[in-house]
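Here's the structure we're looking at; comments come further down.
Numbering (our numbering), first residue to last: 169 to 963.
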């Protein structure tokens with residue numbers, strides 16, 4: 169279906185052909201969403217042009233005649249879509265679609281009706297006479313199954329889809345009448361489950377109702393050649409069980425990502441911290457381990473454990489022992505693993521060539537391990553390194569991300585870079601990177617480079633760019649020394665002699681960029697100098713230190729026709745004409761962020777229609793925005809999924825209704841200093857049922873004491889919530905624990921204190937204003953709840 173949609177002739181296919189395909193038993197789709205998108209695209213192309221003509225009804229009838237269909241048949245084909253299988257964010261976003269709104273709203277009611285019936289340990293309440301409407305489309309040709317974003321998906325719905333169509337109702341009745349315990353897998357051998365040998369990839373990300381342990385047993389039996397499984401954001405899944413669940417299978421790629429903790433130890437000042445352990449339930453994946461004395465060998469070669477704070481050195485040791493084929497490891501944000509644990513794994517996994525370890529304890533020992541692969545342990549300074557299982561390797565790194573790792577020192581980093589000449593992707597964000605390290609880096613194959621928030625100079629960065637002409641992603645924001653040709657610490661004898669002094673001209677000649685994040689040293693003039701490199705640019709971020717004005721932004725509209733994401737922050741001048749020109753010209757633009765800029769923005773730019781936008785940030789640039797302006801924005805940017813408004817002080821409580829009715833499919837909403845939006849509670853925002861990230865701060869003192877728990881119960885996909893005690897109507901907020909957190913991963917509550925402006929310090933009558941004092945942060949993982957109070961303001 170995806171391939172069909174990509175063909176220009178797809179929208180010209182006759183109705184009879186479309187309906188025969190949809191009803192064909194061998195219709196093969198990755199997900200029900202792809203089928204729905206295809207049908208809606210077909211209708212949009214065939215009927216939207218008719219809506220623009222006079223005599224709409226007459227022309228529409230003629231159009232139906234041309235397509236050889238009656239007026240009622242066009243809705244009948246849409247009823248073939250199994251709405252219960254659509255991702256919640258997708259179906260919520262289609263509630264305003266003229267062709268699909270009635271079906272979408274009915275589907276939302278069905279989904280939430282089903283979810284209300286589901287109990288914690290029993291999820292097979294679907295009646296036998298309508299189970300086929302929830303049957304997943306699987307055929308002998310299916311290669312990929314995508315169920316991501318479906319919190320209504322249950323283990324029984326998956327199981328019934330693996331039976332023959334005629335056996336489903338019988339099996340469902342048997343389950344209901346005999347109360348079969350799904351928690352045990354040995355009964356699976358007694359049922360005729362179908363085998364789909366072509367199935368290679370499964371995605372069950374954000375399917376919170378699924379029991380992962382049970383479902384993995386289904387997949388192991390029904391998908392014998394499964395190679396990839398993505399199950400991100402299952403916070404209750406114990407990572408130390410994954411070797412048991414996937415041992416002796418064909419699975420080689422696993423994704424267990426959860427949200428990165430907002431508490432990165434290097435960035436916060438902790439005032440108080442306590443941890444509360446979880447009393448484990450008797451679920452399949454929390455039962456006593458059936459592990460043998462040694463972990464069984466696994467075929468896993470690509471493993472993603474991003475954000476798993478419950479993951480420690482013992483699990484790393486198990487991975488090193490059972491995953492001999494490991495080539496890619498992502499442990500970003502795994503705060504419980506140590507430098508020694510990472511070093512041991514590096515030494516024992518001889519095929520490992522891609523490491524993402526940003527925001528971890530990756531440090532001197534890990535770097536020494538990388539430098540010593542193939543040379544023994546002579547250069548490893550710490551005795552704790554496990555030499556018993558050491559294996560030598562001569563494999564060069566291709567990907568290394570160690571951004572935010574404060575344990576990396578200048579000397580060790582310089583030594584590492586001097587040895588890794590085959591790197592394709594390198595992230596050194598916020599490390600002790602200096603010019604000498606880049607000058608000694610011999611690589612010429614870089615495609616991605618992140619040196620943000622480091623002390624490198626323009627000359628050192630230019631030296632690296634010249635050697636790596638295949639560079640497509642460059643991130644260099646926060647580098648103050650880019651205004652200098654050479655940093656104060658650089659050694660003259662390391663500087664190459666014949667480099668042009670203009671960095672951006674050189675970058676324009678050498679590279680074809682797809683992503684650029686820059687700040688200091690970037691100006692309107694730089695846009696012209698770098699122009700040849702921007703033809704294929706898809707994402708541009710200009711931050712602090714940059715001075716991109718109207719002329720530069722005007723040039724971007726000409727130079728970057730493929731631009732999909734644009735973020736401008738702390739820029740000197742911005743205007744209606746500039747923004748309108750961007751929205752009219754850049755038809756592929758999906759994300760626009762305008763934050764803390766100076767200029768004369770007015771409601772005029774809101775008249776620009778930009779239905780292609782999916783993400784919009786307007787922070788401290790639209791203080792004049794009223795409810796009417798917001799309503800106009802919902803009409804012209806109708807397909808937003810993420811919205812952030814800061815400093816819109818003229819909004820009031822009615823703005824909630826405007827937002828929830830205008831953008832029912834929102835997954836992220838940030839409202840701060842927005843007048844009186846929450847002065848009378850937050851009930852209307854609960855209509856955005858697919859919300860995953862919600863920030864409400866300083867919008868009116870109307871948030872009730874039980875709001876956090878109530879929001880978590882009403883919004884099944886809500887994972888991150890940020891509030892402020894200033895908005896609590898009763899002066900306090902009830903905090904959730906494990907039993908009532910639902911899908912929440914973290915909660916952040918800021919506290920303010922009253923203080924006079926420094927200019928009015930000696931004026932006793934001057935008013936006191938709230939300023940930030942501290943933030944309470946709650947972070948859950950599979951085993952514990954961490955409660956921390958920090959000085960910093962965390963969003």
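Just so it is clear, CB atoms sit at the ideal spot from N, CA and C, and this is done for glycine as well.
Values in this document were obtained by computation on a predicted structure and should not be read as measured data.
Under the criterion of beta carbons closer than 8 Å, residue 487 and residue 513 qualify as touching, at roughly 6 Å.
For the set 877, 920 and 846, the Cα lying nearest the Cα of residue 909 is the one of 877.
For the 8 Å CB-CB criterion, residue 684 and residue 721 do not form a contact. Between the beta-carbon of residue 867 and that of residue 842 there is about 5 Å, and that keeps the pair under the 8 Å contact cut.
If you look at residue 396, you'll find it isn't in any alpha helix (DSSP H); it sits in the beta strand (DSSP E) that goes 396-398.
Across the set 687, 389 and 796, the C-alpha of 687 shows the shortest separation from the C-alpha of residue 736. By DSSP's assignment, residue 893 forms no beta bridge with any residue. Closest by C-alpha distance to residue 494, out of 508, 515, 949 and 481, is 515. One thing to note: residue 757 has its Cβ within 8 Å of the Cβ of residue 734.
In this structure, residue 601 places its C-beta atom within 8 Å of the C-beta atom of residue 624. Counting only runs of 3+ residues, the beta strand (DSSP E) found wholly inside the region 729-807 occupies 733-737, 759-763 and 783-787, in chain order. Residue 367 is positioned such that its CB atom lies closer than 8 Å to that of residue 310.
Taking residue 438 as reference, the option from 950, 715, 951 and 941 with the minimal CA-CA separation is 941.
Taking C-beta atoms as the reference points, residue 260 and residue 276 count as a pair closer than 8 Å.
As DSSP reads the structure, residue 594 sits in a beta bridge with 568 and 617.
For residue 826, the closest alpha carbon among the candidates 807, 853 and 839 is that of 853.
In the displayed model, residue 512 falls within a helix according to three-state DSSP. Of the candidates 537, 473, 267 and 522, 473 places its Cα closest to the Cα of residue 500. Bridge pairing for residue 957: 440 and 944 [DSSP]. Bounds of any beta strand (DSSP E) do not take in residue 490; it lies within the alpha helix (DSSP H) bounded by 481-490.
Secondary structure at residue 643: strand, using DSSP grouped into helix, strand and coil. Counting every other CB atom within 10 Å of its CB across the protein chains shown gives residue 639 a total of 16 or more, marking it as buried. Within the same chain, 733 and 783 come within 6 Å of residue 759 by CB-CB distance, once the 5 residues on both sides are set aside. Excluding sequence positions up to five before and after residue 873, its CB lies within less than 8 Å of the CB of 896, 897, 898, 900, 901 and 902, all in the same chain and listed in chain order.
In this model, residue 796 and residue 937 are separated by some 29 Å (Cα to Cα). Between residue 816 and residue 793, the C-beta spacing is below 8 Å. One thing to note: residue 424 has its Cβ within 8 Å of the Cβ of residue 400. Short of 8 Å from the beta carbon of residue 961, and not among the five residues preceding or following it, lie these beta carbons of its own chain, in chain order: 918, 940 and 943.
Residue environment for residue 176: exposed (fewer than 16 other C-beta atoms within 10 angstroms of its C-beta). In the three-state reduction of the DSSP assignment, residue 378 falls in the coil class, being assigned neither a helical nor a strand state. Taking a C-beta distance under 8 Å as the contact criterion, residue 691 and residue 731 do not qualify as a contact pair. Distance between residue 328 and residue 303, taken at the CA atoms: about 7 Å.
The three-state reading of DSSP puts residue 678 in helix, counting H, G and I together. Bounds of the beta strand (DSSP E) holding residue 472 are 470-472.
C-alpha of residue 963 to C-alpha of residue 947: approximately 13 Å in a straight line. For residue 388, the three-state secondary structure derived from DSSP is helix.
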